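Asks: Counted the way mature numbering (1 follows the signal peptide of the UniProt record, and there is no 0) counts, the sequence shown spans residues -23 to -1, 1 to 505.
Note that CB positions come from ideal geometry on N, CA and C, so glycine has one too.
Since this is a predicted model, take the numbers as computed values, not measurements.
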Amino acid sequence: MRLRSPALALILSSCAYPSIVCAEQQQPFILNHEFPVREDPFYEFRWPVHKVGIIGAGVGGLITYRTLAQAGYDVRLYERDHHPGGVWHYTEETPLNAPIPNLPVVNADYTPSLPPNGTRLPHEEEHFQVDENWLTAERKAHRLPKPVWASLKSNAPHIPELHWPEDLPWEISAKQLQSYVRAFASYHSLNTNDENPNVFYNTRVELIEKRFIDGRHHGWTMTLKEFIQTGPQSYKVKWWTEDFDAIAIATGRYNSPSVSPITGLAEWNDKFPENIHHSRQYRRPEGFTNKTVLIIGAASSGAEIAAELNTFASKVYLSTRVHPHPHYPLELFIPFIPKNTTMIPEVKSFNPLGTATKMSEGTIELFNGTKIAGIDHVLVCTGFRYTYPFLPQYINPSLRGNETASEGPQPLVTDGSHVRSLHLDLFYIEEPTLAFININGGMQSFVYAEYLAAAAASVWKGHAKLPTQNEMWRTYSQRLRDFGGIFEKHWLFLGSGAADGEMRYFVAWVNEAAVRYGGKQINGPSKA
């Protein structure tokens, strides 16, 4: 269990019962011994928070906008794509080929595009007669088509405010989820066609820097870039800056592909780039008809794509490595993989191609010594990395394991496998006016964001209190020791039990603050 500050120990215990009282049923009460007023110091913000910028119009960003706006904040929402929905905005357009090997984590998603030095902002440019292939690549890099395939289904729970119909099937399509998230956006006037002056689509955040007033840090400045293709060979861009007191980052976990550093894979990709793809580029199985396909990685995407390809491909190999401990995706998905899928161990190397003119002429060696050949396509389903290109000052790839920065700010990202230096996986400890929404794995993002957004709204109002910075670092360090002392990719994985506990914690924390200082109380997670 994650350790919390002593100030909230009793509050946490109050929501450990099987049933939870809804906010509508709760009555204001006088604080007594169950909720002691503690005299110890809390974190004090150096400036009041009134204006908040939100990055990302997926479900987390949309819920955060609604919550903060209803709490009285002056809110702006920025989305690089041309529609809301985040990962659930499905299009037939595929992302650019994933770089092999991986790019440095600082620009693994994109390299920020800043206006020419000395340019006075806002600054606009319009370009004509540009190369169509270059323009397509530039547009894709800006908007980033999402890693969703045509047949993908999900049993995502409803947003608490917008219930699914009672007769809805257990699993629904990506298209239905896309429409559902857009409906939520429309209900709050956040959709593309709502002409909300506080919502900006086709707009990517290029840089976030500290804002200084009279030599003191006082908020943040965003540099923004709008990119609009105006014709087959023309486009226009606009750069400008906006100042904020706080920023909520809801960019999701599926932006920067992770490709395992397998010996020889880069050489094969250089020679046959149309035959090797990351799972984010997969859309439909028909293109693999009568082909032999190697899928690397057997978690959710690898297992589901393998199952779909089996009715089209002549042969499917699914490679997975042995984990030292039980791993949720493997336990969940492997039992449902069709029996005609050939399960193989981890790939050791893609052997030199020599004079091969087709990829199927090459050989691939496994860690058990077996060699396979005749592979027509490789799908790399090894997940994604965390990266925030607009916060380069908080990315430090030189750190490993449990290392910390000896000087400068403690990083948010090191190798891309996790995000660190956060309190409650939400607030950046060194400057809690930066918040991160839905960065955890193993939770239901349609529900979990409700509690993160409510916590941010309450904390930035000065209602719910954060522990002192030293106390946040202490509990954070204790959590790392309990985790094994070394950061790795499961650092942010919750699972249903832990996620439910986290949500109940947020309910107790936010509602206790609402009773004491005012503000909206929130419901606990539904058992439905």
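Isoleucine 31 and alanine 160: beta carbons closer than 8 Å?
Replies: The sequence position of residue 31 within the sequence shown is 54, counting from 1. The sequence position of residue 160 within the sequence shown is 183, counting from 1. Their beta carbons are not under 8 Å apart, which means isoleucine 31 does not touch alanine 160 by this criterion.
Asks: Anyone know if the C-beta pair for alanine 430 and threonine 180 falls short of 8 Å?
Replies: The count along the sequence shown starts at 1 and reaches residue 430 at position 453. The count along the sequence shown starts at 1 and reaches residue 180 at position 203. No, Cβ-Cβ distance for alanine 430 and threonine 180 is not below 8 Å.
Asks: Residues in its own chain within less than 6 Å of tryptophan 245 by CB, not counting five upstream and five downstream?
Replies: Counting from 1 along the sequence shown, the entry for residue 245 is found at position 268. Excluding sequence neighbours, tryptophan 245 sits near Phe327.
Asks: Classify arginine 53 as helix, strand or coil using the three-state DSSP reduction.
Replies: Position 76 of the sequence shown holds residue 53. Strand.
Asks: Which term fits valine 82, buried or exposed, when burial requires 16 or more other beta carbons within 10 angstroms of its beta carbon?
Replies: Along the sequence shown, one-based indexing puts residue 82 at 105. When all chains shown are included, valine 82 counts as buried.
Asks: Reducing DSSP to helix, strand and coil, say where arginine 23 ends up.
Replies: Against the sequence shown, residue 23 aligns to sequence position 46. The answer is coil: DSSP assigns arginine 23 none of H, G, I, E or B.
Asks: By the 10 Å Cβ neighbour count, where 16 or more other Cβ atoms means buried, how is glutamate 465 classified, buried or exposed?
Replies: Translated into positions along the sequence shown, residue 465 becomes position 488. Exposed: under 16 other Cβ atoms inside 10 Å.
Asks: Run the CB neighbour count on asparagine 488, radius 10 Å, all protein chains shown included, and call it buried at 16 or more, exposed below.
Replies: Mapped onto the sequence shown, residue 488 falls at position 511. It is buried - the Cβ of asparagine 488 has at least 16 other Cβ atoms within 10 Å.
Asks: Are the CB atoms of valine 357 and isoleucine 463 nearer to each other than 8 Å?
Replies: Position 380 of the sequence shown holds residue 357. Position 486 of the sequence shown holds residue 463. No. Outside cutoff.
Asks: May I ask you to list the residues that DSSP assigns as paired with threonine 180?
Replies: The sequence position of residue 180 within the sequence shown is 203, counting from 1. Answer is Glu203.
Asks: Report, in whole angstroms, the separation of the C-beta atoms of leucine 98 and tryptophan 216, which I expect to be a contact under 8 Å.
Replies: Taking the first residue of the sequence shown as 1, we reach residue 98 at position 121. Taking the first residue of the sequence shown as 1, we reach residue 216 at position 239. Indeed they touch by this definition, with Cβ atoms about 6 Å apart.
Asks: Tell me, please, which residues DSSP counts as bridged to glutamate 338.
Replies: As a first step, residue 338 must be located in the sequence shown, where it is residue number 361. Note: glutamate 338 sits in no beta bridge, so no partner.
Asks: Give me the Cα-Cα distance between tryptophan 437 and proline 25, rounded to the nearest whole angstrom.
Replies: Mapped onto the sequence shown, residue 437 falls at position 460. Mapped onto the sequence shown, residue 25 falls at position 48. Their backbone Cα atoms lie some 8 Å apart in a straight line.
Asks: Cβ of tyrosine 428 within 8 Å of Cβ of valine 390?
Replies: Translated into the one-based positions of the sequence shown, residue 428 becomes position 451. Translated into the one-based positions of the sequence shown, residue 390 becomes position 413. Cβ atoms of tyrosine 428 and valine 390: not closer than 8 Å.
Asks: Looking only at its chain, what residues have a beta carbon closer than 6 Å to the beta carbon of alanine 162, apart from the 5 residues adjacent to it on each side?
Replies: Walking along the sequence shown from the start, residue 162 turns up at place 185. Excluding residues within five positions, the ones whose Cβ falls inside 6 Å are Leu39, Pro61 and Asn168.
Asks: Rounded to the nearest angstrom, what separates aspartate 477 and glycine 461 at their Cα positions?
Replies: Reading the sequence shown from its first residue, position 500 is the one you call residue 477. Reading the sequence shown from its first residue, position 484 is the one you call residue 461. Aspartate 477 and glycine 461: Cα-Cα distance of roughly 23 Å.
Asks: How is threonine 410 classed by DSSP in three states: helix, strand or coil?
Replies: Position 433 of the sequence shown, counted from the start, is the residue given in the question as residue 410. Of the three classes helix, strand and coil, the one that applies to threonine 410 here is coil, per DSSP.
Asks: DSSP on lysine 123, reduced to helix/strand/coil?
Replies: Taking the first residue of the sequence shown as position 1, residue 123 is located at position 146. Of the three classes helix, strand and coil, the one that applies to lysine 123 here is coil, per DSSP.
Asks: Just the Cα atoms here: how many angstroms apart are leucine -12 and threonine 41?
Replies: For the purposes of this step, residue -12 is taken as the residue at position 12 of the sequence shown. For the purposes of this step, residue 41 is taken as the residue at position 64 of the sequence shown. Legend: pLDDT at leucine -12 = 34, less than 50; position of this residue unreliable, no value from coordinates given.
Asks: Suppose you measure from the CA of threonine 207 to the CA of asparagine 110; what does that come to, to the nearest Å?
Replies: Numbered from its first residue, the sequence shown carries residue 207 at position 230. Numbered from its first residue, the sequence shown carries residue 110 at position 133. Computed Cα separation, rounded: 15 Å.
Asks: I need the straight-line Cα distance from glutamate 323 to serine 237, nearest angstrom please.
Replies: Working through the sequence shown from its first residue, we reach residue 323 at position 346. Working through the sequence shown from its first residue, we reach residue 237 at position 260. Computed Cα separation, rounded: 11 Å.
Asks: Is it buried or exposed, alanine 441, if we count other Cβ atoms within 10 angstroms and call 16 or more buried?
Replies: Within the sequence shown, numbered from 1, the residue matching residue 441 stands at position 464. Result: buried.
Asks: Report all residues from its chain with a CB closer than 7 Å to the CB of residue 534; omit the five preceding and five following residues, and keep chain order.
Replies: Lying outside -23 to 505, the shown extent of the chain, residue 534 is not represented and no answer is given.
Asks: Leaving out five residues on either side along the sequence, give the residues of the same chain with a beta carbon under 6 Å from the beta carbon of threonine 340.
Replies: Taking the sequence shown and counting its residues from 1, the one referred to as residue 340 is at position 363. These residues qualify, in order along the chain: Asn328, Lys348 and Ala350.
Asks: Any idea what DSSP makes of lysine 316, helix, strand or coil?
Replies: Taking the first residue of the sequence shown as position 1, residue 316 is located at position 339. Note: lysine 316 maps to coil in three-state DSSP.
Asks: To the nearest angstrom, how far is the alpha carbon of proline 124 from that of aspartate 247?
Replies: Along the sequence shown, one-based indexing puts residue 124 at 147. Along the sequence shown, one-based indexing puts residue 247 at 270. Each residue's Cα considered, the two are about 23 Å apart.
Asks: Please report the residue range of the alpha helix (DSSP H) in which serine 163 lies.
Replies: One-based indexing of the sequence shown puts residue 163 at position 186. Segment 151 to 164, the alpha helix (DSSP H) holding serine 163.
Asks: Taking 6 Å as the limit between beta carbons, can you name the residues of its chain near lysine 130, skipping five residues before and five after?
Replies: Residue numbering aside, residue 130 sits at position 153 when the sequence shown is read from its first letter. The residues are Glu148 and Ser150.
Asks: Less than 8 Å separating the beta-carbons of threonine 269 and lysine 292?
Replies: What you label residue 269 is simply residue 292 of the sequence shown in a count that begins at 1. What you label residue 292 is simply residue 315 of the sequence shown in a count that begins at 1. It is a contact, given that the beta carbons lie within the stated cut-off.
Asks: So alanine 283 and isoleucine 314 are supposed to be a Cβ contact under 8 Å. How far apart are they, rounded?
Replies: Locating residue 283 in the sequence shown gives position 306, where the first residue counts as 1. Locating residue 314 in the sequence shown gives position 337, where the first residue counts as 1. Right, their Cβ atoms sit about 6 Å apart.
Asks: May I have the straight-line CA-CA distance separating alanine 280 from glutamate 448, to the nearest angstrom?
Replies: Walking along the sequence shown from the start, residue 280 turns up at place 303. Walking along the sequence shown from the start, residue 448 turns up at place 471. Straight-line Cα distance between these residues: approximately 42 Å.
Asks: Give a single yes or no on whether leucine 368 has its beta carbon closer than 7 Å to a heavy atom of the ligand MG.
Replies: Within the structure as shown, the ligand MG is missing, as the structure has no ligands at all.
Asks: Cα-Cα, which of Tyr494, His27, Val484 and Thr218 is closest to valine 52?
Replies: Looking up residue 52 in the sequence shown gives position 75. For the residues Tyr494, His27, Val484 and Thr218, the minimum Cα distance to valine 52 belongs to His27.
Asks: Residue range of the beta strand (DSSP E) that serine 448 falls in?
Replies: Indexing the sequence shown from 1 puts residue 448 at position 471. Here residue 448 is glutamate; the residue named in the question, serine, does not match the sequence. Not the beta strand (DSSP E): glutamate 448 falls in the alpha helix (DSSP H), residues 446 to 460.
Asks: Please classify glycine 331: is it buried, with 16 or more other beta-carbons within 10 angstroms of its beta-carbon, or exposed?
Replies: What you label residue 331 is simply residue 354 of the sequence shown in a count that begins at 1. Classification of glycine 331: exposed, given that the 10 Å Cβ count is below 16.
Asks: Would you grab the beta carbon distance between leucine 469 and isoleucine 406 for me? Rounded to a whole angstrom, and I think it's under 8 Å.
Replies: Looking up residue 469 in the sequence shown gives position 492. Looking up residue 406 in the sequence shown gives position 429. Contact flag wrong, Cβ pair sits at about 15 Å.
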